[in-house]
Structure formats: structure tokens, C-alpha cells
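Encoded as C-alpha cells, the structure appears first; notes follow it.
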């Protein structure tokens, strides 16, 4: 158990965070394999990209659940602004990831368009 990190406010959020964690473990394993073996073939790079997308999808669901819970508990809190700020940060990180995928030759036309 992490110190000083409060528990999620609902069991549904907790379950969603466990879903996201499972996706993270998969992505982390693939990234570690890439580092250890220096593997960078297009199929493996695309697989890592898909693992990343899967994780982002699960975390997006978790954030939406947090926003809903926040608004349900205290309608005066503007949870939407926190969500927008988080999305802006996530999109910047996604742009960097997509640029790296282009550099590694993983579906360059598709990733460049994103």
C-alpha cells in the first residue's frame, strides 16, 4: 500500500484503476524487453504502441469516473477544468510518443497524421 495516497472514492474507480494497472504491467514488460534486447522491429514497436493506447483508454475511463464522482459529491468543484488540464498533458505526451513511432518507422503515415 502506498503511503499518503488516499483510496479511490468508489469501488468502481478502484476496479477501473486495477484494469489500468494490468495494462501498465503489460506495457512495462514490453518496454523492458525492448530495452534489454534492443528489439525495435516494426511489429514489436506497433505492439508497444497498442499497449500504450490500451493503457490510455483505461486511464481515460478512470479519469471520467473520478470527474463524475467529484461532481456528484460536490457540484461546486469544477472537476471539468482539472480534467481538461490533465488531457492537455496527456495529449502532449501522446504527441511525443507518436513522433517516436514515426522515427521508428511504425505506420509513419498514420502516426504523422495524429
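Numbering (the numbering used here), first residue to last: 451 to 564.
No residue lacks a Cβ here, since even glycine has one placed at the ideal position from N, Cα and C.
Quick one: Cα of residue i to Cα of residue j, how far?
{"i": "residue 505", "j": "residue 466", "result": "11 Å"}
{"i": "residue 482", "j": "residue 457", "result": "29 Å"}
{"i": "residue 475", "j": "residue 499", "result": "14 Å"}
{"i": "residue 473", "j": "residue 525", "result": "32 Å"}
Counting only the same chain and skipping the five closest in sequence on each side, list residues whose C-beta sits under 8 Å from that of residue i.
{"i": "residue 502", "result": "477 and 547"}
{"i": "residue 497", "result": "480"}
Apart from the five residues just before and just after residue i, which ones in its own chain have a Cβ nearer than 6 Å to its Cβ?
{"i": "residue 460", "result": "519"}
{"i": "residue 469", "result": "508"}
{"i": "residue 511", "result": "466"}
For the alpha helix (DSSP H) that residue i lies in, which residues bound it at each end?
{"i": "residue 476", "result": "461-487"}
{"i": "residue 492", "result": "492-523"}
Might you give, ordered along the chain, the residues of its own chain that have their beta carbon closer than 7 Å to the beta carbon of residue i, omitting 5 neighbours on each side?
{"i": "residue 566", "result": "Residue 566 cannot be examined here, being either before or after the span of the chain that is shown, 451 to 564."}
Assuming residue i and residue j make a contact with CB atoms under 8 Å, what is their CB distance in whole Å?
{"i": "residue 513", "j": "residue 533", "result": "6 Å"}
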